[in-house]
Structures are given as structure tokens and as C-alpha cells.
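Numbering-wise (the numbering used here), the sequence shown opens with residue 61 and increments by one. Ideal Cβ placement from N, Cα and C applies to all residues, glycine included. Right, one structure below, let's go through it.
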Amino acid sequence: MGVGQIKRAVFLDRDGVLNPVVMRGGSPASPRSRHEFSLIPGAGEQVARLKRAGYVVIVVTNQPDVARGLLPQDELAAMHRVLADEAGPDEIRFCPHDDHHECACRKPKAGMLTQAADERGIDLAASWLVGDGYKDMQAARAAGVRAVLISADYNAQVEASQRVADLAQAVDLILEQG
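Following this line, the structure appears as C-alpha cells:
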């Protein structure tokens with residue numbers, strides 16, 4: 061990054077963006093074990109494309125199953141090691157809280173994004189969030205970043221200004237629009 065250049069980021073939701081969701085009772089959910097966790101094909105290459113274009117790539121994911129006692133910390137850590145090793149984001153941030161905790165980090169609040177921006181000197185107005193749910197889109201609005209929704213059967217009702225089929229198309233869009 062040269063002198064005077066702004067630092068831009070792409071914030072990536074984890075479940076439904078970098079790895080498939082797990083359907084439980086007809087609803088999308090997060091994997092609860094390393095055995096349920098796998099990256100979507102090409103996730104690492106898409107992260108690499110963003111990094112080559114000068115973006116800081118930060119995963120921001122709600123993981124309320126930690127607070128609910130359904131996801132042990134060691135399983136979450138194992139999944140995040142796979143994510144770090146195979147996809148190579150610059151950072152992985154997660155919120156382990158449930159809605160009733162009313163924390164600042166849980167999406168749809170912008171805490172994970174704004175804290176990362178403060179710590180890393182990121183210009184939020186020049187940044188993006190790629191997600192698959194309404195909480196992602198609301199967090200993007202709250203943080204002042206542009207948003208892209210990965211379309212899925214379970215999110216047809218989610219309002220989004222930009223909707224794409226998959227992570228590769230999201231990266232294409234981001235690189236095209238800057």
C-alpha cells in the first residue's frame with residue numbers, strides 16, 4: 061500500500077459464503093463440528109483474487125451455537141484453522157454470543173466491521189461485505205460498506221441492492237466496481 065492509498069477491505073460472512081450451510085429442520089445453520097465443515101470449491105482462489113487486488117480480507121461470522129452450548133470452542137477453532145489454511149483470509153473474527161446478549165459484535169450490528177476498521181485503518185466507505193442473510197445486509201448498512209448477497213433458496217426474501225449466484229461472481233462484481 062503506497063503513501064496516500066486508502067486501505068480497503070472485503071468482509072466475508074463464513075457460512076453460506078465460504079462454506080456451505082448445514083440445513084437443520086429446514087433452516088440454514090452453521091456447522092457444529094469439523095466433520096460438517098468444508099469450504100466451497102475455489103474459496104481460496106477467490107480470497108487470493110481479492111488480496112491481489114489490494115483488499116484486506118476479513119471473515120466476520122456469528123457463531124451463537126458457542127453460547128448455546130452446541131459448538132465447543134475447540135471445534136470452532138479447528139474449523140477456523142481449516143479456513144485459515146485453505147482460504148487464507150487476513151483475519152477471522154467471530155461473535156460467540158446469542159441475540160439475548162445484545163453485544164456490539166453480533167450482526168446485524170456493525171461491531172466486528174467497525175472494530176476491524178479501527179484496528180487496521182480500513183476505510184469502510186471503500187469496503188464491501190459479502191453475505192447470505194439479512195443480518196449481513198443490515199450490518200453492511202450499519203457500517204457504511206457496500207453489500208453483496210449470495211443468492212440461495214433460503215434468502216429469496218432478503219432485500220439486497222446487489223445479488224449474485226456465488227462467491228466468484230461476488231468477487232467479479234467487487235473487482236469490477238472497485
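Answer with buried or exposed for residue 130, where buried requires no fewer than 16 other C-beta atoms within 10 angstroms of its C-beta.
-> exposed
What do you get for residue 234, buried or exposed, if any count of 16 or more other CB atoms within 10 angstroms of its CB means buried?
-> buried
Which of helix, strand or coil DSSP assigns to residue 231 | helix
According to the neighbour-count rule (16 or more other Cβ atoms, all chains shown, within 10 Å of its Cβ), is residue 133 buried or exposed?
-> exposed
Residue range of the alpha helix (DSSP H) that residue 107 falls in?
-> 103-112
Ends of the alpha helix (DSSP H) at residue 138?
-> 133-147
How many Å lie between residue 91 and residue 107 at the Cα?
-> 21 Å
Is the segment 95-113 touching the segment 71-86 in the sense that three or more CB pairs, one from each, lie closer than 8 Å?
-> yes
Within the segment 145-216, note down every full beta strand (DSSP E) run reaching 3 residues or more, in order along the chain.
-> 151-155, 188-191, 206-210
Segment contact, 8 Å Cβ cut-off, at least three pairs: the segment 223-230 with the segment 192-199 | no
Please go through the same chain and pick out, in chain order, the residues whose beta-carbon is closer than 7 Å to the beta-carbon of residue 180, but skip the five residues on each side of it.
-> 67, 116
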